[in-house]
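Enquirer: Here it is: the structure, laid out below.
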Amino acid sequence: MKPYLAVLNARARVLLQYRTAAMAGVATQIFWGWIRVSVFTAFYASGSAAPPLSLADTVTYLWLTQALLVLLPMRVDGEVQAMVRDGTVAYELVRPADLYWYWFTRQLAARSVPTMLRASTLVLPAMLLFDMGLPAGLAAAGWFLLGLAGALLLSSAFSTLMAITLLWTVSGEGIARLMALVGQFLSGSYIPVLLFPAWSQAALAALPFRGIMDTPFRLYLGNLSGMAAAGALLHQVLWTLALIAAGRALLSRGLSRLVVQGG
Amino acid sequence: MPLIQVSRLSKQYAVAERRPGFWGALAGLVRRRTRLVQALDEISFSIEPGELVGYIGPNGAGKSTTVKILAGILVPTSGEVTVAGRVPWRERIAHVATIGVVFGQRTQLWWDLPVIESFELLRDIYRVSPAEYRRTLDELIAIMDLKDLLDTPVRQLSLGQRMRCDVAAALLHRPAVLFLDEPTIGLDAVAKLATRELVKRLNREQGMTVILTTHDMDDIESLCTRVIMIDEGRILLDGDLDQLRRAATTERRLVIILADEATWIEVPKATVIHRQGARLTLRFDPATVSAASLIADITGRYAIRDLYVEHPPIEEIVARLYQGRTP
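Going down the list, the protein sequences come from chains A and B. One point on numbering: in the numbering used here, the residue at position 28 of the first sequence is 28, and numbering is uninterrupted. Add 263 to a position in the second sequence, counting from 1, and you land on the number used in the numbering used here.
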């Protein structure tokens with residue numbers, strides 16, 4: 001474990017240097033969040049049927065998406081991308097470590113540190129000024145933390161898989177665009193998953209994306225509890241394992257056909 | 264037993280070829296045309312512990328491919344390789360724990376962090392015990408004069424300083440073999456000398472086996488006891504510097520400084536190839552005329568202030584070997 005913890009630690013320290021960028025990001029996200037809350041409030045005011053999620057819950061949900069947005073793997077790891085492009089990736093291959101876990105650890109740091117930086121600064125103003133609610137109860141808070149951890153692992157497995165595709169695509173630009181669009185939409189970060197049409201619910205529930213955003217948020221709201229909560233966590237775990245297996249298989253194929261650029 | 268054993272090693276790359284023009288690009292989407300490039304063609308050599316081997320060749324000769332295969336990064340098309348008894352690409356993790364690699368144009372240090380933090384990270388990655396690490400680090404600090412660099416962020420180091428730190432980083436886990444891929448590229452004269460001195464000391468004092476690829480013939484001349492020259496995936500020559508010279512030419516140079524600049528010189532069996540003021544360079548073949556009789560002849564007939572015999576520069580020899588390669 002030690003080598004991987006060391007990588008996590010070093011990566012986290014590098015990422016912590018970007019505090020100012022995180023602050024600027026938070027300001028943008030508060031503004032954007034305020035617009036989204038206003039739009040949804042207007043919708044609710046004019047809606048007639050009883051919505052599957054109350055306005056208060058929706059507002060909290062929206063603020064959670066704002067706070068945890070960077071948990072979504074919307075970009076391919078810039079460092080791995082640069083390494084693949086200029087051939088420094090060769091150094092990654094001369095480390096006595098399992099390359100998959102080595103990169104997974106990198107992604108874990110890249111997902112968790114910026115998320116923590118942003119979430120911790122955004123939540124307080126969102127609660128005090130913009131009607132973001134507290135977790136539905138102590139149990140909900142506990143479920144939420146588990147769900148958040150599950151989301152982090154799932155998201156890291158996603159980004160590791162994306163980083164591995166760089167061995168083929170080199171730039172990774174296309175994958176990133178695709179993930180940003182599809183991932184944001186299907187994870188519930190544009191519109192809460194519950195507000196999607198009824199016919200789409202089963203498919204959305206089966207796909208992995210909701211595990212990154214929707215699952216922890218509904219646990220927070222107390223919308224999922226008991227067996228439903230356990231099921232949602234299991235969904236996260238199964239998808240994480242599947243993505244890890246896919247990533248490992250892809251990586252070992254990639255390495256056997258690798259051409260290290262330059263020199 | 265040799266530390267490194269390479270036999271009949273081949274590597275082919277399939278390179279996608281793009282046809283020109285819009286329709287060519289479109290056709291490429293449907294069917295890609297690939298061309299096979301033979302980067303290595305059945306090369307064999309073996310290296311004993313403690314050797315310092317220069318691995319040279321023109322651009323695209325297959326140098327880096329060989330190093331990358333030996334380092335376990337690339338999988339060859341065919342052939343056998345063992346390094347310290349292991350097949351690099353089959354037992355990658357166990358293998359890479361025993362080697363150190365420095366790629367001259369790249370750094371393995373973390374750009375934003377002070378050097379020492381990169382070292383500590385490598386210590387953890389290579390699972391070096393704290394006591395062992397302390398001992399190695401102290402040694403490296405002494406040999407490479409790193410004391411003042413350790414707390415500097417990597418991005419603030421000069422290229423020469425960074426190279427020192429990179430070499431140190433590759434040695435923290437006390438590897439049995441050190442691969443240096445163009446370690447002096449881009450360095451200024453002082454840093455080049457320092458890097459060479461360092462490699463020499465590691466080899467002489469620590470008995471480190473070093474394999475060095477380079478384009479800098481001074482590196483070879485000042486460091487290597489053995490040279491492997493490769494071109495188009497085949498070994499052209501494997502031997503010491505003398506053998507390298509003999510393979511290209513047996514000629515020698517005689518440099519004379521005349522007492523009087525205006526003197527016109529003509530010597531049978533030797534040709535003047537360069538003249539700058541009072542300084543002349545003559546070329547002769549020791550097989551037809553011995554250096555002693557040539558010197559006796561010249562000093563008998565002309566007033567000479569100074570003279571000496573030398574080999575043609577290694578640059579020229581290598582260039583000649585590269586040019587004389589089979590098409």
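Don't be surprised by glycine CBs; every beta carbon is placed ideally from N, CA and C.
1) Quick check on the DSSP output: the beta strand (DSSP E) that includes B/GLY563 runs from which residue to which?
2) Which whole-angstrom value describes the C-beta separation of A/MET162 and A/THR60, a residue pair presumed to lie in contact below a C-beta threshold of 8 Å?
3) In three-state DSSP terms, what is B/PRO590?
4) When you compare the CB positions of B/ILE448 and B/ALA511, do they come within less than 8 Å of one another, or not?
5) What's the gap between the Cα of B/VAL300 and the Cα of A/LEU153?
6) From the DSSP output, which residues share a beta bridge with B/LEU303?
7) Taking the beta carbon of A/GLN261 as the centre, do at least 16 other beta carbons fall within 10 Å, making it buried, or is it exposed?
8) Can you confirm whether the region 49-66 of chain A touches the region 85-102 of chain A when touching is taken to mean that 3 or more C-beta pairs between the two stretches lie within less than 8 Å?
9) Shorter than 8 Å from the beta carbon of A/LEU93 to some beta carbon of chain B?
10) Would DSSP call B/PRO446 helix, strand or coil?
11) Where B/ILE528 and B/TYR565 are concerned, what is the direct C-alpha to C-alpha distance, given to the nearest angstrom?
12) So which residues on chain B does A/THR281 lean against when the C-beta distance must stay under 8 Å?
13) Relative to the C-alpha of A/SER252, which residue among A/ALA228, A/LEU93, A/TRP199 and A/ARG106 is closest?
14) Look at the Cβ atom of A/ALA157, then the Cβ atom of A/THR240, and state whether they are nearer than 8 Å.
15) If you check the beta carbons only, do A/GLY25 and A/PHE130 fall under 8 Å apart?
16) Return the residue from the list A/ARG11, A/PRO3, A/VAL76 and A/ILE244 that minimises the CA-CA distance to A/LEU167.
17) Under a Cβ-count criterion, where at least 16 other Cβ atoms within 10 Å of its own Cβ denotes burial, should B/HIS537 be classed as buried or exposed?
18) Which of the three DSSP states is assigned to B/HIS436 in this structure?
19) Let me check one thing: in DSSP terms, what residues is B/ILE491 bridge-paired to?
20) For chain B, check one thing: does any of its Cβ atoms lie closer than 8 Å to the Cβ of A/THR115?
21) Please report the residue range of the alpha helix (DSSP H) in which A/VAL237 lies.
22) On a Cα-Cα basis, can you pick out the residue from B/MET471, B/ALA454 and B/GLY502 that is closest to B/LEU441?
23) Could you check whether the Cβ of B/GLN371 sits closer than 8 Å to any Cβ belonging to chain A?
24) By the three-class DSSP mapping on this structure, what secondary structure does B/GLN419 have?
25) Taking the beta strand (DSSP E) that B/SER341 falls in, what are its first and last residues?
26) According to the Cβ coordinates, are A/VAL80 and A/TRP103 closer than 8 Å?
27) Taking contact to mean 3 or more Cβ pairs, one atom from each stretch, closer than 8 Å, check whether the region 192-210 of chain A and the region 272-283 of chain B are in contact.
28) Can you check whether the C-beta of A/ASP77 is within less than 8 Å of a C-beta belonging to chain B?
29) Interface residues of chain B around A/SER171 at Cβ under 7 Å?
30) So, is A/GLY263 buried or exposed, given that buried needs 16 or more other C-beta atoms within 10 angstroms?
31) Pick helix, strand or coil for B/ILE567, following the three-state DSSP scheme.
32) From which residue to which residue does the beta strand (DSSP E) around B/GLN539 run?
33) Provide the residue span of the beta strand (DSSP E) that contains B/ILE520, from first to last.
34) For the region 421-432 of chain B against the region 456-473 of chain B, are there 3 or more C-beta pairs whose distance is under 8 Å?
35) Helix, strand or coil: which one does DSSP assign to A/PRO114?
36) What residues from chain B crowd round A/GLN81, counting only those whose CB sits closer than 8 Å?
Expert: According to the structure shown:
1) Counted from its first residue, the second sequence places residue 563 of chain B at position 300. Not the beta strand (DSSP E): B/GLY563 falls in the alpha helix (DSSP H), residues 554-564.
2) Within the first sequence, numbered from 1, the residue matching residue 162 of chain A stands at position 162. Within the first sequence, numbered from 1, the residue matching residue 60 of chain A stands at position 60. In fact, because the Cβ distance is near 30 Å, the residues do not count as touching under 8 Å.
3) Taking the first residue of the second sequence as position 1, residue 590 of chain B is located at position 327. Interpretation of B/PRO590 is limited by its pLDDT of 40, a score under 50 that renders its predicted location unreliable; the figure taken from the coordinates is listed afterwards. If DSSP states are grouped into helix, strand and coil, B/PRO590 belongs with coil.
4) Taking the first residue of the second sequence as 1, we reach residue 448 of chain B at position 185. Taking the first residue of the second sequence as 1, we reach residue 511 of chain B at position 248. The answer is no: Cβ separation not under 8 Å.
5) If you number the second sequence from 1, residue 300 of chain B lands on position 37. If you number the first sequence from 1, residue 153 of chain A lands on position 153. Going by the C-alpha atoms only, they are around 41 Å apart.
6) For this step, residue 303 of chain B is matched to residue 40 along the second sequence. Answer is B/LYS274.
7) The residue labelled residue 261 of chain A in the question sits at position 261 within the first sequence. Because the pLDDT of A/GLN261 is 45, which lies under 50, any placement of that residue in the model is unreliable, and the question is left without a value.
8) no
9) Mapped onto the first sequence, residue 93 of chain A falls at position 93. Cβ-Cβ to chain B under 8 Å: yes for A/LEU93.
10) If you number the second sequence from 1, residue 446 of chain B lands on position 183. Reduced to three states, the DSSP call for B/PRO446 is coil.
11) What you label residue 528 of chain B is simply residue 265 of the second sequence in a count that begins at 1. What you label residue 565 of chain B is simply residue 302 of the second sequence in a count that begins at 1. Each residue's alpha carbon lies about 8 Å from the other.
12) The structure shown does not extend to residue 281 of chain A, since chain A is modelled only from 1 to 263, so the question has no answer here.
13) Taking the first residue of the first sequence as 1, we reach residue 252 of chain A at position 252. Here the closest residue by C-alpha is A/LEU93.
14) For the purposes of this step, residue 157 of chain A is identified with residue 157 of the first sequence, where counting begins at 1. For the purposes of this step, residue 240 of chain A is identified with residue 240 of the first sequence, where counting begins at 1. Cβ distance < 8 Å, so A/ALA157 and A/THR240 count as in contact.
15) Locating residue 25 of chain A in the first sequence gives position 25, counting from the first residue. Locating residue 130 of chain A in the first sequence gives position 130, counting from the first residue. Taking 8 Å as the Cβ cut-off, A/GLY25 and A/PHE130 do not qualify as a contacting pair.
16) Mapped onto the first sequence, residue 167 of chain A falls at position 167. Closest by alpha carbon: A/VAL76.
17) Numbered from 1 along the second sequence, position 274 holds the residue referred to as residue 537 of chain B. With fewer than 16 other Cβ atoms within 10 Å, it is exposed.
18) Mapped onto the second sequence, residue 436 of chain B falls at position 173. DSSP places B/HIS436 in coil when its eight states are reduced to three.
19) The sequence position of residue 491 of chain B within the second sequence is 228, counting from 1. DSSP output for B/ILE491 lists B/TYR318 and B/ASP501 as bridge partner(s).
20) What you label residue 115 of chain A is simply residue 115 of the first sequence in a count that begins at 1. The beta carbon of A/THR115 does not come within 8 Å of any beta carbon belonging to chain B, so the residue lies off that interface.
21) Reading the first sequence from its first residue, position 237 is the one you call residue 237 of chain A. Start and end: 226-256.
22) Along the second sequence, read from residue 1 onward, the residue named residue 441 of chain B stands at position 178. Selected option, being the one with the closest Cα: B/MET471.
23) One-based indexing of the second sequence puts residue 371 of chain B at position 108. For B/GLN371, the answer is yes, since a Cβ of chain A falls inside 8 Å of its Cβ.
24) Within the second sequence, numbered from 1, the residue matching residue 419 of chain B stands at position 156. Looking at B/GLN419 - three-state DSSP - the assignment turns out to be helix.
25) For this step, residue 341 of chain B is matched to residue 78 along the second sequence. 341-346 is the span of the beta strand (DSSP E), which, as asked, contains B/SER341.
26) Your numbering for residue 80 of chain A matches position 80 in the first sequence. Your numbering for residue 103 of chain A matches position 103 in the first sequence. Yes. Within cutoff.
27) Counting C-beta pairs closer than 8 Å gives fewer than three between the region 192-210 of chain A and the region 272-283 of chain B, which falls short of the contact rule.
28) Sequence index remark: in the first sequence, residue 77 of chain A carries index 77 (1-based). Using a CB distance cut-off of 8 Å, A/ASP77 does not count as an interface residue toward chain B.
29) For the purposes of this step, residue 171 of chain A is identified with residue 171 of the first sequence, where counting begins at 1. Residues of chain B passing the Cβ test: none, with the nearest at roughly 16 Å.
30) One-based indexing of the first sequence puts residue 263 of chain A at position 263. Interpretation of A/GLY263 is limited by its pLDDT of 38, a score under 50 that renders its predicted location unreliable; no figure is taken from the coordinates.
31) Counted from its first residue, the second sequence places residue 567 of chain B at position 304. Note: B/ILE567 maps to strand in three-state DSSP.
32) For the purposes of this step, residue 539 of chain B is taken as residue 276 along the second sequence, with counting starting at 1. Start and end: 533-539.
33) Position 257 of the second sequence, counted from the first residue, corresponds to residue 520 of chain B. Per DSSP, B/ILE520 belongs to the beta strand (DSSP E) from 515-521.
34) yes
35) In the first sequence, residue 114 of chain A corresponds to position 114, counting from 1. Reduced to three states, the DSSP call for A/PRO114 is helix.
36) Taking the first sequence and counting its residues from 1, the one referred to as residue 81 of chain A is at position 81. Within 8 Å Cβ-Cβ: nothing; A/GLN81 doesn't reach chain B, min ~15 Å.
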